[in-house]
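Participant: Start counting the sequence shown at 908; every next residue gets the next number (the numbering used here). The beta-carbon is built from N, C-alpha and C at its ideal position, and this holds for glycine as well. Sharing a structure, written as structure tokens. Questions coming.
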Amino acid sequence: MDVVVPHTRSIADMLELLDVIVADDAEARGDFWRVQPWVDIPKASTLRPASYNALPLQGALKGKRLGVPKMYIGKDEGADRPIETRASVLELWRQAARDLQALGAEVVEVDFPVVSNYERDRPGARSMV
């Protein structure tokens, strides 16, 4: 499953881009995340700041909990066909986790049932189709 995401050369560029692209989209047809029934996805307008550029970075993630799916970092023992992630990618993840924690975030390894159900990758997974 592919998910299109923006890539920029800097945080400043990303903040500029987010000010433009983060908006409500009335058309959900073909959008896997907004039509799946397991996880409620709120409208962007209920979450976004007035301006991403105005956000301070120092301590920006203090008190925030961020979940990383175990299936993508080599820690999903429950899958029949586990995802293979290169060691170099795992090291990049570990550095990113340290950076997030330095900004005040708590990084939590989580299950990802919506994908497990979609992929039917383990005993007991329900199909979405």
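(1) Applying the criterion that 16 or more other CB atoms from any shown protein chain within 10 Å of the CB defines a buried residue, is residue 977 buried or exposed?
(2) In this structure, how does DSSP classify residue 1020 when only helix, strand and coil are distinguished?
(3) Closest to residue 980 by C-alpha separation, out of 916, 995, 954, would be which residue?
(4) Please confirm if the segment 1003 to 1011 is in contact with the segment 954 to 963, defined as three or more CB-CB distances below 8 Å between the two stretches.
(5) State buried or exposed for residue 952, treating a residue as buried only when at least 16 other CB atoms are found within 10 Å of its CB.
(6) Tell me whether residue 958 is buried or exposed, calling it buried when 16 or more other Cβ atoms sit within 10 Å of its Cβ.
(7) Do residue 954 and residue 1012 have their beta-carbon atoms positioned less than 7 Å apart in this structure?
Facilitator: With the given structure in hand:
(1) buried
(2) helix
(3) 995
(4) no
(5) So residue 952 ends up on the exposed side.
(6) Exposed is the call here.
(7) no
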